[in-house]
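Participant:
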Amino acid sequence: MPTKKKPQVTAAPARRRELLDTAAEVFAEQGYNATTVRKIADHAGMLAGSLYYHFDSKESMLEEILRSFLDELWDGYDTVLGAELGPRETLAALVTESFREIDRHRAAVAIYQKESKQLVTQERFAFLAESQRRFEKAWLATLERGVADRVFRTDLDIRLAYRFVRDTVWVAASWYRPGGQHSPEEIARQYLSMVLDGIAVRAQPFPERELTWPRPTSSKRSVRPSDGAEED
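Numbering (this note's numbering) for the sequence shown: 1 to 232.
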């Protein structure tokens, strides 16, 4: 006599999302290696065994957190890159999309920033390296196009500019809190007003003498360590 198959247990999508959000906050705050399933369960107000009902390991939770963040990020980026905007407008749109993702996935961005270098060595997280390559290619191509079109300065070090933009955008995950005084779009506008003024073509080049000002001469009176100053 045939027996009925036991139905597969799946978590309700809303509850699953809630648990992943909790796990992301714990990973971001305490670090991936220091986080245990028990710690996540404690923060979720449940037993560790109950958490295993939804996920088979902390690795699977982290993978889903990072994949969800990157999938959404690339949905936005691909829309921007396919819109055939000018290089300045493309850069502005990529920055805005990045701040929107920090707003939506702040904890996931923080994890990505802190842990990706270690995680990419694991086969399970190889998708992180691929995303990093795509990320670099998209931003470098935008900057190169801007230089070629003379929208950005021709003396711009493309790779240095890319690293500066990348790091200064994503470090915002360490201080940004969703629901704060400024929207992600407002923060992006403020950021872009500083960055684009630095890389855009200018009427007057930045005077080299302003970068080589002389060191102030020491006072005639010698200062001893006991005066509270350090010796040269």
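We put the CB at the ideal spot given by N, CA and C, even for glycine.
Under a three-way DSSP split, which group does Phe164 fall into?
Facilitator: helix
Participant: So what does DSSP say about Phe55, is it helix, strand or coil?
Facilitator: coil
Participant: Using 10 angstroms around the beta-carbon of Pro184, count the other beta-carbons present and answer buried if the total reaches 16, otherwise exposed.
Facilitator: buried
Participant: In the DSSP assignment, find the unbroken alpha helix (DSSP H) run with Met194 in it and report its ends.
Facilitator: Per DSSP, Met194 belongs to the alpha helix (DSSP H) from Pro184 to Ile199.
Participant: At which residues does the alpha helix (DSSP H) containing Gln113 begin and terminate?
Facilitator: Where Gln113 is concerned, the enclosing alpha helix (DSSP H) stretches over Arg106 to Leu119.
Participant: Expressed to the nearest angstrom, what Euclidean distance is found between the alpha-carbon atoms of Pro205 and Trp74?
Facilitator: At Pro205 the pLDDT is 49, less than 50, meaning the model places this residue with poor confidence; the figure from the coordinates comes in the next sentence. Near 36 angstroms, if we compare the C-alpha coordinates of Trp74 and Pro205.
Participant: Which residues in the same chain have their Cβ closer than 6 angstroms to the Cβ of Glu210, if we skip the five residues on either side of it in sequence?
Facilitator: With a pLDDT of 40 at Glu210, under the threshold of 50, the predicted position of this residue should be treated as unreliable, and no value is reported.
Participant: If the criterion is Cβ atoms closer than 7 angstroms, does the pair Leu143 and Tyr162 meet it?
Facilitator: yes
Participant: In angstroms with no decimal places, state the Cα-to-Cα distance between Arg159 and Lys117.
Facilitator: One C-alpha to the other measures close to 19 angstroms.
Participant: State buried or exposed for Ala194, treating a residue as buried only when at least 16 other CB atoms are found within 10 Å of its CB.
Facilitator: Sequence check: residue 194 is Met here, not Ala. By the neighbour-count rule (16 or more Cβ atoms within 10 Å), Met194 is not buried but exposed.
Participant: Taking all protein chains shown into account, decide if Asp149 is buried (16 or more other Cβ within 10 angstroms of its Cβ) or exposed.
Facilitator: exposed
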